[in-house]
DNA sequence: ACATATTGTGAATTATTATTCATAATATGA
DNA sequence: TCATATTATGAATAATAATTCACAATATGT
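Chains as they are written, first to last, in our numbering: chain A, 1 to 209; chain B, 210 to 418.
See below:
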């Protein structure tokens with residue numbers, strides 16, 4: 001058995017698991033965690049309810065797995081960009097632009113990531129944080145580091161790295177949010193370059209006062 | 210009966226209703242809509258379940274009433290500021306500063322407003338929008354108008370009023386969010402003035418490039 | 001072809017919770 | 001005080017949905 005790749009059987013099982021996850025992603029992202037039943041996931045994925053429990057311990061666990069993979073996929077796009085060997089301003093600029101790809105590739109992914117994440121950040125939930133929250137944290141940490149060193153070099157104003165991170169994330173997430181809500185209405189490239197403009201140079205015309 | 214003020218009985222009933230709403234606000238804001246049962250609200254408010262149904266048609270309706278009043282209270286603070294007869298920049302500046310009061314006065318209110326609002330914006334919910342969403346819309350519209358006229362006058366860069374509104378709201382909401390999550394950790398006044406700084410003048414030191 | 005192991009099934013079980021309603025408590029007015 | 005109306009109660013009901021498990025289908029190796 002122990003080949004580098006898995007046995008046919010194992011691969012098949014994997015595929016099944018992923019089919020279930022795909023359906024679950026679709027449903028959860030459309031209707032929210034509490035408004036999707038295991039029945040529904042089972043029907044849509046053409047498995048029996050019992051089968052779902054062969055793959056996941058329960059609904060929570062299935063959801064957690066989903067969030068984990070969403071967070072992972074987003075992180076895979078964003079992290080490399082934050083680690084490129086270019087100057088701080090360029091890294092932030094690339095980071096902003098990368099959101100175009102994120103939007104294009106993974107609408108349901110972000111939909112789920114954003115919606116369930118934003119709300120559960122406040123609401124106390126004894127579950128589903130570990131993986132997901134960690135990714136968010138790591139990205140924010142990375143951003144914060146970039147701002148910190150950028151501030152030392154005099155590229156950025158010293159508005160506090162944390163505040164800069166918070167502001168940029170907020171603007172980006174909100175924008176992504178808006179695009180997903182009304183797809184097609186907004187030019188993504190355009191919007192992102194405006195986010196960049198405002199974030200870097202501000203909204204005032206004469207920054208004198 | 211028809212006095213300007215209500216009869217003792219009616220006032221009493223009102224008080225009861227408000228007690229229930231207060232408890233519901235506390236619970237919903239802590240645990241989220243789906244994780245609070247009518248039983249729980251009943252126990253905490255020292256009424257019987259049945260009594261809740263004398264005041265509200267059901268759980269959804271109770272929640273909707275709550276969201277309505279939250280939105281109303283927030284709107285009551287924010288709208289007058291957006292309508293003051295001062296120049297556009299000042300109005301936005303005051304708007305930002307007003308969030309200090311919002312945070313100070315109504316923590317559970319905003320907690321609920323933000324958490325349930327952000328998540329349900331994406332998730333399809335066949336319910337609870339009317340009042341709440343309307344308030345959000347109105348405030349955004351007002352902000353957008355201010356930016357538009359400010360842009361005409363050359364006070365703001367022409368980054369599109371919608372984009373400016375989106376960015377500012379995002380930064381403010383995110384900040385409020387963060388403060389609520391870790392109370393005491395952050396100086397609100399300080400944070401808001403940094404939001405203002407970044408939003409107006411940007412994060413770059415030399416806006417030349 | 002057969003025995004064995006693995007994987008899938010879905011009706012039945014169990015839990016939870018929103019909602020109802022017959023009844024009790026209380027207030028009101030004669 | 002008594003009859004009536006109003007308001008509150010909470011055990012019982014009804015729905016919904018997560019989870020289990022005895023069994024069926026299928027695959028694997030001999």
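Positions of the beta carbon are idealized from the N, C-alpha and C atoms, including for glycine.
Residue 47(A) sits in coil when the DSSP states are folded into three classes, being neither helix nor strand. Secondary structure of residue 265(B) (DSSP, three-state): coil.
Counting only the Cα atoms, residue 261(B) lies some 55 Å from residue 83(A).
Residue-level contact check: residue 62(A) does not touch chain B, since none of the beta carbons of chain B fall below 7 Å from its beta carbon.
Taking the CA atoms as reference points, residue 290(B) sits about 8 Å from residue 307(B). For the region 25-48 of chain A, the residues whose beta carbon sits under 7 Å from a beta carbon of chain B are, in order, 30, 31, 32 and 34. In terms of Cβ geometry, residue 247(B) and residue 268(B) form a close pair [threshold 7 Å].
The alpha carbon of residue 305(B) has as its nearest neighbour, out of 383(B), 244(B), 221(B) and 415(B), the alpha carbon of 383(B). Using beta-carbon distances, residue 205(A) counts as an interface residue toward chain B, with a partner under 7 Å. For the region 391-410 of chain B, the residues whose beta carbon sits under 9 Å from a beta carbon of chain A are, in order, 395, 399, 400, 403, 404, 406, 407, 408, 409 and 410. Contact between residue 317(B) and residue 377(B) fails: their C-beta atoms lie close to 24 Å from each other, not under 8 Å. Secondary-structure assignment with DSSP links residue 204(A) through a beta bridge to 365(B).
Burial state of residue 14(A) is exposed, judged by a 10 Å Cβ sphere holding fewer than 16 other Cβ atoms. If you look at residue 101(A), you'll find it in the alpha helix (DSSP H) that goes 88-105.
The three-state reading of DSSP puts residue 294(B) in coil, since its state is none of H, G, I, E or B.
Interface residue (Cβ-Cβ distance to chain B less than 7 Å): residue 163(A) is classified as such. Distance from the CA atom of residue 322(B) to the CA atom of residue 276(B), rounded to whole angstroms, is 7 Å. Close to chain A, meaning a Cβ-Cβ distance shorter than 9 Å, are the following residues of the region 360-386 of chain B: 360, 363, 364, 365, 366, 367, 368, 369, 371, 372, 373, 375, 376, 377, 378, 379, 380, 381, 382, 383, 384 and 386.
Taking the Cα of residue 344(B) as reference, the smallest distance to any Cα among 256(B), 283(B) and 232(B) is reached at 283(B). Where residue 36(A) is concerned, there is no enclosing alpha helix (DSSP H), because DSSP gives it neither an H nor an E. Between residue 171(A) and residue 387(B), the C-beta spacing is not below 7 Å. With a cut-off of 8 Å on Cβ pairs, the region 362-378 of chain B is in contact with the region 294-302 of chain B, counting three or more such pairs. A direct Cα-to-Cα measurement between residue 139(A) and residue 133(A) gives close to 10 Å.
If you ignore the 5 residues before and after residue 397(B), its C-beta comes within less than 7 Å of the C-beta of 309, 312 and 388, all in its own chain and listed in chain order. With 16 or more neighbouring CB atoms inside 10 Å of its own CB, residue 111(A) falls in the buried class.
Nearest neighbour of residue 242(B) by Cα position, chosen from 270(B), 216(B) and 255(B), turns out to be 270(B).
For residue 281(B), the secondary structure class from DSSP, reduced to helix, strand or coil, is helix. Secondary structure at residue 7(A): coil, using DSSP grouped into helix, strand and coil.
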